[in-house]
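Encoded as structure tokens, the structure appears first; notes follow it.
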DNA sequence: ATCCTATACTAGACATTGTCTAAGTCAGTT
DNA sequence: AACTGACTTAGACAATGTCTAGTATAGGAT
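Chains as they are written, first to last, in the numbering used here: chain A, 1 to 138; chain B, 1001 to 1138.
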């Protein structure tokens, strides 16, 4: 967590109160938040922080590889601070809840050359869809 | 293609000019279009078709399982008419191009029970990310 | 410690994508 | 041919994300 701030500073990031707060919100809760939720939590500590800054900061963190942008079925993207531990996602089709999961195997090796169409593969993301215990109980 | 219209009629779909045009646009080009692109192409044939109708029709086709909604990195969802042939997607991180691909193996069997957290799994979607030949040449 | 400047922040307008509503229209049935 | 519930329309609204012009500030230089 202060690891994150350390790494960022080493990469020449100028440290500001706004960026610190956004980073703290992200790492503080190990859940997937939307930009708006992050803004709300950040504003609780730093009331004048603007939406634009939150969006910019998130974009930078994604570019730096410190945070992963997850696009689910919901309108808004969510941000996953767990970027350094490779993982995939399990989504409840009913309530939208998201969990990080770790399947065995490597999807990239499952894609034969004939199916790569000349692409240089970078990574693969698996989204498992299902119904969570809470929703199937209802 | 007229298969699609057949199936829909059998399921009690009321057939209208608007729905026919949207279905034809979808099946006519085997690419992934956004709702707006579909609207533009539909309007070329049926100028007074409204955005709401396109959105409604796409939503119905998705509910009926005739079309798959694909959420990529881009803002807008895209619609994939290839719903009856299970497949996954290969996306160019540079230009956003999407191809359908068929990896070997079954991702669902790669998710051990201990990683399912009580979810009832329905399906899994793999998104491969890489750079397409055109973009890596540039 | 102070100054300087590139970088970052803010407010708010704007853009894009998707949803909803009220009123009018039409497909398919009788 | 009339009827009726389902469909469509225009446009307002909502949610999410981007951009700009002006202001503030972090961190290096002095």
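Think of the CB as a built atom: it goes at the ideal place given N, C-alpha and C, for glycine as much as any other residue. These numbers come from a predicted model, not from an experiment.
Residues of the segment 8-30 of chain A that bring their beta carbon within less than 7 Å of a beta carbon in chain B are absent altogether. A Cβ-Cβ distance of about 18 Å is found for the pair residue 1103 of chain B and residue 86 of chain A, leaving them out of contact under the 8 Å criterion.
Among the residues facing chain A, residue 1114 of chain B is not included, as its CB has no counterpart in that chain under 7 Å away.
The contact set of residue 1124 of chain B on chain A, defined by CB atoms closer than 8 Å, consists of 126, 127, 128 and 129 in chain order. In the assembly as shown, residue 35 of chain A is a buried residue. Its beta-carbon has 16 or more other beta-carbons within 10 Å. Within the segment 47-81 of chain A, those residues whose Cβ lies closer than 8 Å to any Cβ of chain B are, in chain order, 69, 71, 72 and 73.
Between the segment 1128-1135 of chain B and the segment 1090-1104 of chain B, the count of Cβ pairs shorter than 8 Å is three or higher; the stretches touch. In the DSSP assignment, residue 36 of chain A falls within the alpha helix (DSSP H) that extends over 35-45.
By alpha-carbon distance to residue 118 of chain A, the top candidate from B/1031, B/1109 and B/1136 is B/1136.
Secondary structure note for residue 1127 of chain B: its beta strand (DSSP E) is the uninterrupted segment 1120-1131. Per DSSP, residue 1090 of chain B lies in no alpha helix (DSSP H) segment; the continuous beta strand (DSSP E) that holds it begins and ends at 1088-1092. Relative to the Cα of residue 53 of chain A, the nearest Cα in the group A/16, A/31 and A/64 belongs to A/16. Between the alpha carbons of residue 1032 of chain B and residue 47 of chain A lies a gap of roughly 42 Å.
In summary, the residues of the segment 1086-1113 of chain B whose CB is separated from some CB of chain A by less than 8 Å are 1090, 1092, 1093, 1099, 1101, 1102, 1103, 1104, 1105, 1107, 1108, 1110, 1111 and 1112, in the order they occur in the chain. Beta-bridge partners assigned by DSSP to residue 68 of chain A: A/80.
For residue 1045 of chain B, same chain residues with a beta-carbon under 7 Å away, outside a window of 5 residues either side, are 1021 in chain order. Residue 1039 of chain B counts as buried, since at least 16 other C-beta atoms from the protein chains shown sit within 10 angstroms of its C-beta. The shortest C-alpha to C-alpha distance from residue 1094 of chain B to any of A/112, A/18, A/70 and A/122 is the one to A/122. When secondary structure is reduced to three states using DSSP, residue 51 of chain A falls in the helix class.
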